[in-house]
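*Asks:* Sequential numbering of the sequence shown, starting at 1, is according to the UniProt record's numbering.
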Amino acid sequence: MKQRELKYKYSNILSVTGLVTVCALPSFYAWSEEETTYEFNSGFIIGSQENVDFDRFNTTGISPGKYSVDVYTNGSWKGRYDLDFVAKENGQLGTCYTPALLSDLGINVEKFAPAASLDSKECLFLNQWNSEADVSDIFHTSTLRVDISVPQIYEQKILSRICFRTILGIRDPRIKPRLYGELL
Numbered sequence: 001m002k003q004r005e006l007k008y009k010y011s012n013i014l015s016v017t018g019l020v021t022v023c024a025l026p027s028f029y030a031w032s033e034e035e036t037t038y039e040f041n042s043g044f045i046i047g048s049q050e051n052v053d054f055d056r057f058n059t060t061g062i063s064p065g066k067y068s069v070d071v072y073t074n075g076s077w078k079g080r081y082d083l084d085f086v087a088k089e090n091g092q093l094g095t096c097y098t099p100a101l102l103s104d105l106g107i108n109v110e111k112f113a114p115a116a117s118l119d120s121k122e123c124l125f126l127n128q129w130n131s132e133a134d135v136s137d138i139f140h141t142s143t144l145r146v147d148i149s150v151p152q153i154y155e156q157k158i159l160s161r162i163c164f165r166t167i168l169g170i171r172d173p174r175i176k177p178r179l180y181g182e183l184l
């Protein structure tokens with residue numbers, strides 16, 4: 001009887017210890033994650049010993065420009081778009097959004113950026129349209145994918161223009177087919 005009580009006592013202690021350890025590990029990982037900068041040793045360059053500026057490799061692997069990327073809004077695929085990527089002040093790339101593009105991506109522009117009109121050609125970063133902490137976009141250079149995260153209050157409640165046009169059988173030429181075998 002005494003051994004059984006000790007067995008249950010120690011199993012409870014071990015399970016609580018394991019639970020605390022599993023919950024604490026992700027916070028240590030997030031805490032230790034910082035921006036990494038690299039320094040290149042120019043002594044490895046054969047030939048000219050001039051100082052070469054390799055700082056651009058500390059930011060992103062691609063240059064600013066127009067790229068065809070898959071766009072997801074709150075985890076929902078919205079299509080493949082040709083988006084403009086512009087260098088920010090910190091050297092990172094940022095996506096340039098127009099109000100019409102935000103509307104096509106399922107974001108209610110009237111609520112998201114009340115000062116903007118749908119006819120405006122102004123192109124700004126997402127956090128310049130709305131500076132809330134929950135609004136973000138992440139560009140994955142390896143998969144050419146943009147993940148946009150906005151609170152649900154800013155999502156369009158009705159069918160977006162793209163969905164409505166798709167139901168009617170009208171194809172928007174700005175949206176690329178996702179697969180090559182897809183019928184136009």
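Ideal Cβ positions, reconstructed from N, Cα and C, are used throughout, including at glycine.
Cα separation between Leu93 and Lys157?
*Replies:* In a straight line, the C-alpha of Leu93 is about 31 angstroms away from that of Lys157.
*Asks:* State yes or no: is the C-beta of Leu124 within less than 8 angstroms of the C-beta of Asp137?
*Replies:* No.
*Asks:* Which two residues bound the contiguous beta strand (DSSP E) that contains Val109?
*Replies:* Not the beta strand (DSSP E): Val109 falls in the alpha helix (DSSP H), residues Val109 to Phe112.
*Asks:* Spatial neighbours of Gly65 within its chain, please: CB distance less than 7 angstroms, with the 5 preceding and 5 following residues excluded, ordered by chain position.
*Replies:* Answer for Gly65: Phe85, listed in chain order.
*Asks:* Ser103: buried (16+ other C-beta within 10 angstroms of its C-beta) or exposed?
*Replies:* Buried, since its Cβ has 16 or more Cβ neighbours within 10 Å.
*Asks:* So, at 6 angstroms on beta carbons, what are the nonlocal neighbours of Asp147 in its own chain, with the 5 sequence-adjacent residues on each side left out?
*Replies:* Hits under 6 angstroms: Tyr72 and Ile138.
*Asks:* Tell me, which residues are paired with residue 186 by DSSP?
*Replies:* As shown, the chain starts at 1 and ends at 184. That puts residue 186 outside it, with no answer to give.
*Asks:* Between the alpha carbons of Pro114 and Ser149, how many angstroms are there, rounded?
*Replies:* Their backbone Cα atoms lie some 18 angstroms apart in a straight line.
*Asks:* Relative to the alpha-carbon of Trp77, which residue among Gly91, Pro99, Gly106 and Ala87 has its alpha-carbon at the smallest distance?
*Replies:* Measuring from the Cα of Trp77, the nearest candidate turns out to be Gly106.
*Asks:* Quick check: what's the CA-CA separation for Ser131 versus Tyr154?
*Replies:* Straight-line Cα distance between these residues: approximately 13 angstroms.
*Asks:* Within its chain, find whatever has a CB closer than 6 angstroms to the CB of Asp82; leave out the 5 residues flanking it on each side and keep chain order.
*Replies:* Only Lys66 and Ser68 meet the Cβ criterion.
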